[in-house]
Amino acid sequence: MYPAVAIIAVLLSTMTTASAGASCAADPVKLIAGKQMVFVGTVVERNHYYARVDVEETWRGPDLAPSVVVQTRHADPPWWPLNVISKSYTSVDAQLVPGTRYIIATEEGGFRTNDCLVAEAAEPLVARLRPDSTRGPVATGNAGADRRALEGAAGMAVALALVALLSGGSWFAYRHIRRQGRVSQ
Numbered sequence: 432m433y434p435a436v437a438i439i440a441v442l443l444s445t446m447t448t449a450s451a452g453a454s455c456a457a458d459p460v461k462l463i464a465g466k467q468m469v470f471v472g473t474v475v476e477r478n479h480y481y482a483r484v485d486v487e488e489t490w491r492g493p494d495l496a497p498s499v500v501v502q503t504r505h506a507d508p509p510w511w512p513l514n515v516i517s518k519s520y521t522s523v524d525a526q527l528v529p530g531t532r533y534i535i536a537t538e539e540g541g542f543r544t545n546d547c548l549v550a551e552a553a554e555p556l557v558a559r560l561r562p563d564s565t566r567g568p569v570a571t572g573n574a575g576a577d578r579r580a581l582e583g584a585a586g587m588a589v590a591l592a593l594v595a596l597l598s599g600g601s602w603f604a605y606r607h608i609r610r611q612g613r614v615s616q
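Under the working numbering, the first residue of the sequence shown carries the number 432, and numbering increases by one thereafter.
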């Protein structure tokens with residue numbers, strides 16, 4: 432029994448990784464240079480992978496809805512239960528804080544951003560970088576990444592409950608088998 436516990440402990444400890452600081456030096460001018468989509472907004476909600484941002488101004492790109500969802504880190508492995516246990520973090524995962532205003536540029540082809548494409552939107556910086564033509568959000572604008580991604584907590588709770596149930600069942604089965612072994616001896 433003890434070797435199995437040791438193996439599981441080693442596997443669990445090596446499957447999780449700590450996040451590191453971004454290695455990019457975020458020069459705000461370079462932040463927006465050549466990007467297809469740039470906007471200013473305030474983060475109102477965030478989970479491990481996505482953030483909902485209330486848009487104030489669109490500087491470049493398609494018309495945006497008053498609230499958009501951006502992907503702030505790359506997805507974990509799609510295989511269950513590894514996606515519950517193993518969380519991968521990169522040095523450039525965007526660490527957006529709810530209530531904070533940001534200038535956000537996105538990676539090419541979507542609503543994915545990272546720490547190198549985000550800057551806190553202090554008013555002097557916004558005034559310096561703001562282009563001559565900006566647009567406000569529009570009701571029919573693009574709402575960003577899949578909004579259901581922010582509702583993933585229920586799925587995580589079900590997965591954790593299933594893991595707890597399987598662990599408990601295994602423990603009871605082990606105890607039962609041990610008792611049966613003692614009686615027959």
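Note that the Cβ used here is the ideal one computed from N, Cα and C, for glycine as well.
In the three-state scheme derived from DSSP, where H, G and I count as helix and E and B as strand, Glu554 is classed as helix. The residues Gly472, Thr473, Val475 and Ser498, in chain order, have a CB closer than 6 Å to that of Asp485 in the same chain once the five nearest residues on each side in sequence are set aside. If you compare the alpha carbons of Leu495, Arg491 and Ser564 with that of Ala570, the shortest gap goes to Leu495.
The Cβ-Cβ distance between Lys466 and Thr565 does not fall below 8 Å. According to DSSP, residue pairing for Gly472 in a beta bridge involves Val486 and Tyr533. By the neighbour-count definition (other C-beta atoms within 10 Å, threshold 16), Asp563 is an exposed residue. By DSSP's assignment, Val500 forms a beta bridge with Arg483 and Gly575. The Cβ atoms of Gln502 and Tyr533 lie no closer than 8 Å to each other. Between the alpha carbons of Ala595 and Leu527 lies a gap of roughly 31 Å.
Contact annotation: Gly572 and Val500 have beta-carbon atoms that are not nearer than 8 Å. DSSP places Arg561 in the coil class of the three-state scheme, outside both helix and strand. DSSP, reduced to helix, strand and coil, places Leu495 within a strand of the structure shown.
Between Ala550 and Pro459 a beta carbon distance of about 5 Å is seen, short of the 8 Å cut, so the two are scored as contacting. A check of alpha carbon separations from Pro568 across Leu462, Phe470, Ala464 and Ile463 identifies Phe470 as the nearest. For the pair Trp490 and Arg561, the CB atoms are nearer than the 8 Å cut-off.
Per DSSP, the unbroken alpha helix (DSSP H) holding Leu462 starts and ends at Pro459 to Ile463. Straight across, the Cα-Cα distance linking Val523 with Ala592 is about 31 Å. Buried is the label assigned to Arg504, since at least 16 other Cβ atoms lie within 10 Å of its Cβ.
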